[in-house]
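Counting along the sequence shown from 1, when you hit position 108 you're at 1440 in the numbering used here, and nothing is skipped either side.
Note that beta-carbon positions come from the ideal geometry of N, C-alpha and C, so glycine has one too.
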Amino acid sequence: MIRAQILPTPPGPLSLLVRDGVLVAAGFTADPKEMFDRLKPEVRAEGLEVVDDLGAPAQAVRDYLAGDLAALDAIPVSQPGSDRRQRLLAALRAVPAGVTVTYAELAERAGMPRTAARAAGGACAQNLIAPFVPCHRVLPAGGGFGGYYYGTPVKEWLIAHEAGRA
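As structure tokens, this is what we get:
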């Protein structure tokens, strides 16, 4: 059974989905089914149950919002993807709070300097576990905030929060 919790946050509701103690999806939506529907069919076959408290992942969000910007890093996560995608997601998770990188820098951090920024962008676009896998910390080389699955205002708030400006 996939267990879900919806947490209020300043940029909007955050749904967390856990399977066997590991975070498998998280996103800024008030409807955890939106995140559930993005999971693989064999995982969705387990069903979805909304609960009042998921424990450690929910506490990590509360701690992050209270200023412990490293709190999300301690939560185990798992999402599908090729070896290449996993390397990009691991490099993304290693970008510390308060730091931003470009898509090309992310590819380089993943040990794939010849990988086009497009591959790094694809890994961010398909990331199922925001903000625990912090795709909001990746910005376009040309400036600005670029896109974000949950909207640019959420991305801007997360970056400002991590910079101590929220």
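Query - Test item: CB-CB of Ala1357 and Leu1346 under 8 angstroms - result: Pairing Ala1357 with Leu1346 gives a Cβ-Cβ distance that is not under 8 angstroms.
Query - Outcome for Pro1485 when other beta-carbon atoms lying within 10 angstroms are tallied against a minimum of 16 - result: Counting Cβ neighbours within 10 Å, Pro1485 comes out exposed, since fewer than 16 surround it.
**Report entry** Buried/exposed call for Glu1374, threshold 16 Cβ in 10 Å
**Finding:** Under a 10 Å Cβ-count criterion, Glu1374 is classified as exposed, with fewer than 16 other Cβ atoms of the shown protein chains found around its own Cβ.
Requested in this report: Just tell me which of Val1382, Val1433, Trp1489 has its CA closest to the CA of Thr1341.
Outcome: Closest option to Thr1341, Cα to Cα, is Trp1489.
Query raised in the report: Which residue or residues does DSSP assign as beta-bridge partners of Ile1334?
Result: According to DSSP, Ile1334 bridges with Leu1380.
Query - Nonlocal neighbours in the same chain, by C-beta distance under 8 angstroms from Asp1385, ignoring five residues either side - result: Around Asp1385: Gln1337.
Query - Classification of Gly1453 by the beta-carbon crowding that lies within 10 angstroms, buried from 16 upward - result: If you draw a 10 Å sphere on the C-beta of Gly1453, you find 16 or more other C-beta atoms in it, and that means buried.
Query raised in the report: Who pairs with Gly1359 in a beta bridge, going by DSSP?
Result: Answer is Ser1347, bridged to Gly1359.
Query raised in the report: For the alpha helix (DSSP H) that contains Ile1491, what are its first and last residues?
Result: Segment 1484-1494, the alpha helix (DSSP H) holding Ile1491.
Query raised in the report: When you compare only the Cα positions, how much space is there between Lys1365 and Leu1339?
Result: Rounded to whole angstroms, Lys1365 to Leu1339 spans 14 angstroms at the Cα level.
Query - Met1333 to Gly1474 span [Cα, whole Å] - result: Rounded to whole angstroms, Met1333 to Gly1474 spans 43 angstroms at the Cα level.
**Report entry** Length of the line joining the Cα atoms of Met1444 and Pro1428
**Finding:** Rounded to the nearest whole angstrom, the CA to CA distance from Met1444 to Pro1428 is 19 angstroms.
Query raised in the report: Quick one: does the C-beta of Val1433 sit closer than 7 angstroms to a heavy atom of the ligand PLP?
Result: In the structure on display, the ligand PLP does not appear, and there are no ligands present to speak of.
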